[in-house]
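In order, the protein sequence lines correspond to chains A, B, C and D. Under the working numbering, residues 864 to 1492 are what the first sequence spells out, in order. Under the working numbering, residues 10 to 110 are what the second sequence spells out, in order. Under the working numbering, residues 35 to 550 are what the third sequence spells out, in order. Under the working numbering, residues 80 to 558 are what the fourth sequence spells out, in order. By construction, the Cβ of each residue, glycine as well, lies at the ideal position given by its N, Cα and C atoms.
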Amino acid sequence: MNNLLWLVPVLPFAGFLILALAGKHISRVWVAIIGAGSVSLSAILVLIIGISFLSHPPATGYYSQTLWTWMQVADFNPNITLFLDALSLVFIFVITFIGALIHIYSAGFMASDKDYSRFFACMNLFVFSMLLLVLADNLLLLYLGWEGVGLCSYLLIGFWYENPVNGYAARKAFIITRIGDTAMAIGLFVIFYQFGTLAIPDILTKAPVLWQQGASIATITALLLLAGGVGKSAQLPLQTWLPDAMAGPSPVSALIHAATMVTAGVYLIARMHIIFQLSPIAQMIVAVIGAATLFIAGFSALTQYDIKRVLAYSTISQIGYMFLALGVGAWAAAIFHFMIHAFFKALLFLAAGAVIEALHHEHNMFKMGGLKNKLPVIFWTFLIGSASLAALPLISAGFYSKDQILWYAWASEGGNPLLWFIALLGAFITAIYTTRMMVLVFWGEAKTEIGHHPGKLMTVPLIVLAFFSLFAGFIELPHNFGHFTLFSDLLHQVLPETVLKAGMNNELQFQLLALLSTFGGIYVAYVFYYKQPQRIEKLKQSRFVMNLYLFWFSGWGFDKLYNTLIVRPIVFIANVNKNDVVDKLYQGVTFVTVSLYQSLSFTQSGSLRWYIMGLVIGAIIILSMQIML
Amino acid sequence: MKSSTEIVMLLAGLLFVLGVAGVIIRKNIIFMLLSVEVMLNASGLAFVAAGSRWAQPDGQVMFIFILAMAAAEVSIGLALILQIYHQHKSLDIDKLKEMKG
Amino acid sequence: MILIYVIGILMGGGLLALLLGQWNRNLPRWIALCTVSVGFIAFVFFWINQYRTVNPHLTNTWIIDYRHDWIPSFGISFHLAIDGLSLLLLVLTFFLGVLAVLCSWNDVKERVGFYYFNLLWILAGISGVFMAMDLFLFYFFWEVMLIPMYFLIGIWGSENRVYAAYKFFIFTQASGLLMLLAIIGLYFIHGQNTGLYTFNYFELLGTVIPPHIAFWLMLGFMIAFVVKLPIVPFHTWLPDAHSEAPTAGSLILAGLLLKTGAYGILRFVLPLFPEAAHDLAPWAMLFGVIGIIYGAILAYSQTDLKRLVAYTSVSHMGFVILGIFAFNELALQGVVMQLVTHAISTGALFIMAGMLKERLHTRNINHMGGLWTQMPQMGAIGMLFAMASLGLPGLGNFIAEFLILLGAFKANVLLTIIATIGLVFSAIYSLRIVQKVFLGPSERSDHVSDFSFREIIVMASLTLSIVWLGLYPQPVINTVKPMINKLAHVFTPENKNVQNSYHTTPLSTHKYLVKK
Amino acid sequence: MSGNDFFALTPLLLLAGSSVLVMLLIAIKLSHRVIQLSSLLLFIVAFSSLFYIQKSLPYHIEPLLVIDGFSVFIMGLIIFSSLVVNILSYIYFEEKEESPKEYYVLLFLCTLGACVLAVSKHFVSLFLGLEILTVGLYALISYLRVRHHNIEAGIKYLVLAAFSSAFLLFGMALIYLETGSMEFSMIAHSLRSLPSLSPLFLTGLGMMLVGVGFKLAVVPFHMWTADVYEGAPAPVTAFIATASKGGVFAVLFRFFIMIDGFRFNVVMLILMCIAIASMIIGNLLAVQQKNVKRILAYSSIAHLGYLLVAFIPGSVMSIKALSFYLMAYFITTLTAFGIVTVLSNKETDAENIESYKALFWQHPILACIFSSALLSLAGIPLTVGFVGKFYILAAGLQSGFWITALILVISSVIGLYYYLRIITTMFAGQKSILPAEEKANPVFYMVSIIALSVLSLLIIWFGVYPSGVMGFIEYFKLK
């Protein structure tokens, strides 16, 4: 069945082509069927392929399928080749499966939108690009998918194009990720000249042979790739685009800006892990970026009033966890968290979308409230998602994935107490803002009337996702707690196992601490937002707290910083130079010519005596030249 | 070079310069023409002197040609001057500045 | 002979259009369409045949060679020859020629005959440039294409057309004359060396030139080509010419005229003056990079759509010069790809600007916006070509830019990195186009129609080409491969060392070898 | 003088005889039309006689004249241009002047003078030819004597020409004084025996340059050009621009070749300065000029500068280049002034650039002819001007005169601007709804247009296929 692999990306692409070319002439039902159906088919196909892959693993550990030679120039010959191993299997599973659910949800969510077919066309194109990204056999094809998802993200963030704000957010997303992509492109150049190829398997086999452990070239390459990942995954310092990207429809936020695209950076680093392993510095930087991002994004999430922005910052923060895991060498843990996060964050976004739609496109949490009884399905699924996000112990999937990361942040070779402490603090904050969100949206008194209730098309995907958010964690249990390692066994075919420091066996203490931080967070939020909301108001009277609040609210001032340092100067130069200063040079030449003309034309005075004078002067010059020289 | 030739050449040069000065200084067209005639005759004189230096008749032949040419020129010149006077009521060369630029 | 026929057909068709245009307004465009289509079909068939039969590793790179004495007393012959590069660019010429005729179908209402006369003669001149293998003939065609272009801009352009036409003509003419000087200089140096006075390209290739003279001669050639290309700071004619020209004029300017500059460098500067070119390389690359960034920044600040696209051309052509002077196969292949894909993508943007102008009567993007609602097809296509222009993978421009950068990275790391940053800027201006034109709130209440059938044909062919080039560029790569290989061979470092041993032998059988 | 001498002098004798014959025809009161046609016929006869005498070349008539290939070529050009001027003159003078017949006598005389210049190799014949030409021109320039401009141009030309003739003569006298001969080869001979050049000789040469420079209208002796071109009747302007300059240039070139003047560095330096100044100033002066005749005048200054660029090397290539360029320049200039003539109306010449507006839409043929002439003057390929310019550059670069070649290139770019300006004017504007005015002499109008069309076809033909002409020139080599 593996040789049907090409169909996995091609199905959504076919869907895209049909919708893009003939979308106007197809009825809305068929648009939905084609759009959601193509992705669902591909999800089914992935299941089949996955089963066949797992039951008959290829000898090399991967399966690859060359479609055609993309180009062949000198010794540069990237192919259009699909590449399937355990890592990409996990990703294509998540992409197609969650993708299909979100498509189904969208069929209901977008039902009243006039650009129905355009939406599904873009979504299909996105799924196609994302699949290409994770199935690419070489970095160039990966780059194709990488930019392709960027394009779709751009198209979908700006889906409601009449509002210039959306367009601005879309452009911001595209351009900031492009900055990372550019660095990544340079990384590709370096890799090509180091290894003479961009094929991922070749690179991974050649790298340890050609490069010394800790070689500076490895660091440079790793950092360039990291820059790409940082851009796409909205990590520090390129994280500013993601909160704005929430301008897109909620299914888009769920699919692109939570579940799949933003984790492409995680995929890239995991995929190129050998290069990162060769450079401890680079790996350290990955961990530090992850920790710093999860920390600052957590605080920002704490202060948002727009429900989707809370989720956006929380996404940034959660991806920070994944980066932290990658950085400390907990490869499988990072991918595990990616998968679990995809489930619960997609769920949260979809549920939030349902809430927002029910409340007439109200994004402000402070204007929500009391929805617990009015939207029970949403409430319960949202609650499950939140539990997972807050890593509620034992019963939520999020606990299992996050706990693993916390543990490795302390105990692995690359880990250290500071990273662990930040991660723990992050977990505490996560619990606070998650609870705050729950409390504000579902408890308290109702502030806005409910419009229409979500239909079946929307609730079923929520329920499925909720199921996974609860139970997907059980495929990987901690060592001291069942030691069930289905997921990491699978991934260890591809990714190295995490090396622990010597003498680390007190995992339980750390689990208890994590548990404490979660409950502590929930309690704090409970106190401040439910029990005694006036305390917040009291705190806000202090100037310091208020400033801090605003600082966090603005995402730690990064936007402002970039605006002043980079955007404004360039725009200023561009506007000042609108008429092209170089042209002045040529205008100067013209001016000189014309002035010469005018002064010469003055000599043509029409006076005969003047002409004679000219003649005589000419004669004198010639004669004196004749005689002098 | 014989000294007499030298002296005659000097005289011719002097006449020539006088003629040039005359053309430049005078504003009346007739006087300008006269000055040109002086220049032409100075050249003729120079030819005669040069011919005598080499004991050839060529210089004098040339002089006669110059005379003939000067006469033709003056005749046309005077005709033009008549016409100018007819049109402008003046012989001031500085008034003839209709074309310029 | 096909080469002669093609030029003859174009010129003849032009004259016919001019004469018949006197009494029928429809006839000229049909004549033009037929003429160009015939040429296009002929070349496409020829290409396919060629592609099937010829082995890309062949050493003889020349496909057709036609020669006829022209001015024998100067050793000037009517010498046309094509290799892969010429063939490719000729196919491109006729492709865009067909589109140019189509997109001016209803655009031009006055003096139709003369318009198509000019159009066809420009194409004839450009074809001649791509075929001429006699330097005099080359210069001849180089100039021949200017005059009809001058008329095209000066008569059918928009408000400021006269200024733009002057500027275009004087810039190109001035630089062209300097090239003429260099050509004659080369002619005499070759003649004095060998006793054979000829303008034949193949003979001149082996000329031994004292280095300091070679440098100046090369500059003479370079100036003509970089003005045409154009490279900052010789680019200022371009925005004016592009923005004032009629749609077909902009299409041909961007799609073909600029390419003649790059073609000239590839065909003449590098093979004729390999060492001087080598010395110039860092500077040329630097100016290429300056062009990339400078053009992009200027493009960002423009409000006139055509002017904006024109400045993007400046930026894209910076990549070309960067790639050419990287001297390796990757970069050179990238350059060829860039020539083709830029012609298509920028051409498409200009055509679209023309369509918008026709519908909205403005080129100011501040007066557009929200057009997607009324023109979703144009919006989608516009988006696609904006993406092509910013180098989205999967579209042809990406292949070109990636290959150029990949090749250039080998030659100069720092400059390549800066050039790569140019990709960010290209994203900024491309998205600005899309945003200002198609997205945002709708500025207009009146009805604006979407593509007509004719326009769909035009845009669909462009779209298919750009996607094809993005996903399977191999035909293009293989076609130019022999030529590029040979060129890159001259500049490979190992070769240089070999060359030193050739020091004493003045003549060598290999045409492109570097001689000291 | 033997019979052979007369045979060799046939063209000159024919021209001289024609002037007498035309005078007689005028005396018996034949109409303008008859006079015009007969003089046209006589020009054709004179022109064909050039082919007739070819066999006996080169032929020396000691000590004054030499008739060789070069002089026959130049004479051919001169007579040809007179012929064209003759064709153009009819419609021009018919409507402007009540007694246009004597004009043809003068035209023959001027042509004769120019031809004598082309064959002279002696100061006396030089002087004679020059004065026959000049004195005739005085009358021609002010032929339309009621027009203020004509008279003004006439007197300016007269005073300046006489003034410069004096310089020329004085210079000749000095050279004669120094070398003892007025025959070019004898001068060369005696120069060879001198150890170094005496200051007297140099002064003489310098003064001659002043005289010749005036006739050629090179900077700094150029200032009369525009006024005279503007003032003179358009056909006469065509004649001044072509035949008169061609003759003078031929004799200057012959003089330098025979005395081998190219070895005098100082003289060459001066000529280079003159060439450079002429190219730059000539072109600059025309940049924003509004009067087409003046534009063409200034452009002729620049073109003489171009000619000097080819002149300076003094190589074999120079001769060919000069011959070719003179031919190109003649054809082109005649075409350009022909258009001015044809477009002139009874009151004024078509000299204001505004009167060319929308010409392309009203008289497409005339506009195309004029465009081809202007493009040829600008040196754009497909025209003979380009090949000529290429030839000049080749001649200059062959001997390594890079500076002059470079200046030529730069200044011709400036030149391009004003040629384009005229062309742009012709293309600007819309077709006017006014009915085309009735031409007084439709037949001659058509003949003129046909003649101009032939010229413009020549411009293009020689531009596309110059090797025929080049072979022809090769055939007429000097010596």
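Am I right that residue i and residue j are in contact with their C-beta atoms under 8 angstroms? What's the rounded C-beta distance?
{"i": "Leu-1187/A", "j": "Ile-1138/A", "result": "In fact, because the Cβ distance is near 19 angstroms, the residues do not count as touching under 8 angstroms."}
{"i": "Phe-334/D", "j": "Phe-263/D", "result": "6 angstroms"}
Tell me which same chain residues have a C-beta within less than 7 angstroms of the C-beta of residue i, skipping the five on either side of it?
{"i": "Thr-89/D", "result": "Ser-128, Tyr-131 and Ile-132"}
{"i": "Tyr-166/D", "result": "Rather than Tyr, the amino acid found at residue 166/D in this sequence is Ile. The answer, listed in chain order, is Leu-119, Val-526, Ser-527 and Ala-530."}
{"i": "Ser-71/C", "result": "Val-132"}
Could you say which of the options lies nearest to residue i if we only look at CA atoms?
{"i": "Leu-239/D", "options": "Val-366/D, Ala-252/D and Val-214/D", "result": "Val-214/D"}
{"i": "Trp-933/A", "options": "Phe-361/C, Gly-298/C and Leu-437/C", "result": "Leu-437/C"}
{"i": "Leu-1018/A", "options": "Ala-494/C, Thr-526/C, His-481/C and Phe-472/C", "result": "Phe-472/C"}
{"i": "Val-1362/A", "options": "Pro-1114/A, Ala-899/A and Ala-1274/A", "result": "Ala-1274/A"}
{"i": "Ile-123/D", "options": "Tyr-544/D, Met-351/D, Tyr-217/D and Thr-190/D", "result": "Thr-190/D"}
{"i": "Ala-453/C", "options": "Gly-298/C, His-350/C and Met-417/C", "result": "His-350/C"}
{"i": "Leu-23/B", "options": "Ser-99/B, Ser-44/B and Gln-65/B", "result": "Ser-44/B"}
{"i": "Ala-76/C", "options": "Ile-41/C, Leu-424/C and Leu-186/C", "result": "Ile-41/C"}
{"i": "Leu-383/D", "options": "Ala-437/D, Phe-332/D, Gly-259/D and Thr-462/D", "result": "Phe-332/D"}
When you compare the CB of residue i with every CB in chain B, is at least one pair closer than 9 angstroms?
{"i": "Ala-389/D", "result": "no"}
Using a Cβ-Cβ cut-off of 6 angstroms (strictly less than) and excluding sequence neighbours within five positions of residue i, which residues of its own chain qualify?
{"i": "Thr-316/D", "result": "Tyr-308 and Phe-416"}
{"i": "Trp-842/A", "result": "What the structure shows of chain A is the stretch from 864 to 1492, and residue 842/A is not part of that stretch, so it cannot be assessed."}
{"i": "Asn-362/D", "result": "Ala-381, Ser-490, Ile-493 and Gly-494"}
{"i": "Lys-549/C", "result": "With a pLDDT of only 34 at Lys-549/C, under the threshold of 50, the placement of this residue in the model should not be trusted, and no figure is reported."}
Check whether the Cβ of residue i lies closer than 9 angstroms to any Cβ atom in chain C.
{"i": "Tyr-385/D", "result": "no"}
{"i": "Ile-1038/A", "result": "yes"}
{"i": "Glu-262/D", "result": "no"}
How about residue i: is its Cβ closer than 8 angstroms to a heavy atom in the ligand SAH?
{"i": "Leu-156/D", "result": "No copy of the ligand SAH appears in this structure; indeed no ligand is present at all."}
For chain D, check one thing: does any of its Cβ atoms lie closer than 9 angstroms to the Cβ of residue i?
{"i": "Ala-158/C", "result": "no"}
{"i": "Thr-1466/A", "result": "yes"}
{"i": "Ala-30/B", "result": "no"}
Using C-beta distances below 8 angstroms, list every residue in its chain close to residue i, excluding the 5 sequence neighbours before and after it, in chain order.
{"i": "Val-488/D", "result": "Leu-472"}
{"i": "Leu-870/A", "result": "Ser-905 and Leu-908"}
{"i": "Pro-1071/A", "result": "Ile-1137 and Leu-1141"}
Report yes or no: is there a C-beta of chain A within less than 9 angstroms of the C-beta of residue i?
{"i": "Phe-432/C", "result": "yes"}
{"i": "Leu-24/D", "result": "What the structure shows of chain D is the stretch from 80 to 558, and residue 24/D is not part of that stretch, so it cannot be assessed."}
{"i": "Leu-122/C", "result": "no"}
> Quick one, which residues of the stretch 1468-1492 of chain A are near chain D if we go by CB-CB under 8 angstroms, in chain order?
Replying inline: Hits within the stretch, in order: Gly-1469, Leu-1471, Trp-1473, Tyr-1474, Ile-1475, Gly-1477, Leu-1478, Ile-1480, Gly-1481, Ala-1482, Ile-1484, Ile-1485, Leu-1486, Met-1488, Gln-1489, Ile-1490 and Leu-1492.
> Taking a cut of 8 angstroms between CB atoms, which residues from the stretch 533-550 of chain D lie near chain C?
Replying inline: Tyr-544, Pro-545, Ser-546, Met-549 and Gly-550
> If you measure beta-carbon to beta-carbon, which residues of the stretch 1444-1464 of chain A are closer than 7 angstroms to chain D?
Replying inline: Thr-1456, Val-1457, Leu-1459, Tyr-1460, Leu-1463 and Ser-1464
> Name the residues in the stretch 73-87 of chain B whose C-beta lies less than 7 angstroms from a C-beta of chain D; which are they?
Replying inline: Phe-74, Ile-75, Met-78, Ala-81, Glu-82, Ile-85 and Gly-86
>> Tell me which residues of the stretch 908-938 of chain A have at least one Cβ-Cβ distance to chain C shorter than 8 angstroms, keeping chain order.
In response: Trp-931, Thr-932, Trp-933, Met-934, Gln-935, Val-936 and Ala-937
> Taking any Cβ of chain A, which residues in the stretch 507-519 of chain C have a Cβ under 7 angstroms from it, in chain order?
Replying inline: The stretch 507-519 of chain C vs chain A, Cβ under 7 angstroms: Pro-507, Gln-508 and Ile-511.
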